Amino acid sequence: SFVTNLLNPIIDPGMESIFTTGSSTSTMTPSIMITTTTASQPPIPPTPIPSDVLQTLLTFASVFRFEDRVKLLEVNFSELRRTNQSTEFISNIPGLVHQYMYQEMTEAVREAVQTQTDRLQDSIQRENDEFLRTIDDNMKKIIKELVKSQVKAQVTRILPRIGESVNAQLEAEVLTRSSHSSRTS
Numbered sequence: 064s065f066v067t068n069l070l071n072p073i074i075d076p077g078m079e080s081i082f083t084t085g086s087s088t089s090t091m092t093p094s095i096m097i098t099t100t101t102a103s104q105p106p107i108p109p110t111p112i113p114s115d116v117l118q119t120l121l122t123f124a125s126v127f128r129f130e131d132r133v134k135l136l137e138v139n140f141s142e143l144r145r146t147n148q149s150t151e152f153i154s155n156i157p158g159l160v161h162q163y164m165y166q167e168m169t170e171a172v173r174e175a176v177q178t179q180t181d182r183l184q185d186s187i188q189r190e191n192d193e194f195l196r197t198i199d200d201n202m203k204k205i206i207k208e209l210v211k212s213q214v215k216a217q218v219t220r221i222l223p224r225i226g227e228s229v230n231a232q233l234e235a236e237v238l239t240r241s242s243h244s245s246r247t248s
């Protein structure tokens, strides 16, 4: 609207003829030349124009409505400034969207990395727990085998002594009974 008003100002119909250019005005050329000789006449003194007539004459500013145009320009300028502010806000939108997307992507990547880290830690913990169970089971088997072999070694070493001791006690008992039975008979 601002540019349209500048390009197409509203003009009084009476003033429109001043701004029109072209061949719309016709020039009349007299076909007969009249020559008149005038006798020298005294000059006509200028007619005084009353001051109230001068006041009613249109001024240059009123003819072209400068004050109205200035007010219209001021209004249009303030609208343009508001439009420019809106344009500035609108032009900032891609930057804001980019910043928002960057923040969202950063957060999404951080969450994905944290989730993957948690999964890996859980997986590693499960593997570690399984490894520790395997070691524990293997150690129990090894200890059991060691105890078996040590008991077997001890038993094989002690067993002959136990046999000797048992045999000695049995012989002593047999001797004691046989000597006791020979006395009673």
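First residue of the sequence shown? That's 64 in the working numbering, and the numbers climb one at a time after it.
C-beta atoms are modelled at their ideal positions from N, C-alpha and C, and glycine is treated no differently.
Since the model is a prediction, treat every value here as computed from it, not as a measurement.
Rounded to a whole number of angstroms, what is the C-alpha to C-alpha distance between residue i and residue j?
i, j, result
"S228", "S245", "26 Å"
"I225", "I205", "29 Å"
"L135", "S141", "10 Å"
"K203", "E174", "43 Å"
"H243", "Q232", "16 Å"
"E196", "Y165", "The question names Glu, yet the displayed sequence has Arg at residue 196. Going by the C-alpha atoms only, they are around 46 Å apart."
"T241", "N230", "Looking at the sequence itself, residue 241 is Ser, so the reference to Thr does not match. Computed Cα separation, rounded: 16 Å."
"S212", "L222", "15 Å"
"S130", "P157", "Note that residue 130 is Glu in the sequence shown, not Ser. Each residue's Cα considered, the two are about 41 Å apart."
"Q184", "Q148", "52 Å"
"N191", "R182", "14 Å"
"T88", "R128", "Per-residue confidence for T88 stands at a pLDDT of 47, beneath the threshold of 50, marking its modelled position as unreliable; the derived number appears in the next sentence. The straight-line gap from Cα to Cα measures roughly 25 Å."
"Q177", "R189", "18 Å"
"E137", "I107", "49 Å"
"Q309", "Q179", "Residue numbering for the chain in the displayed model covers 64 to 248; residue 309 lies beyond these limits and cannot be assessed."
"A216", "D199", "25 Å"
"V214", "I187", "40 Å"
"R132", "V172", "59 Å"
"M168", "V160", "12 Å"
For the ligand FAD, I want to know if residue i counts as a neighbour, meaning its beta carbon is within less than 7 Å of at least one of the ligand's heavy atoms.
i, result
"F140", "For the ligand FAD, the structure offers nothing, since it holds no ligand at all."
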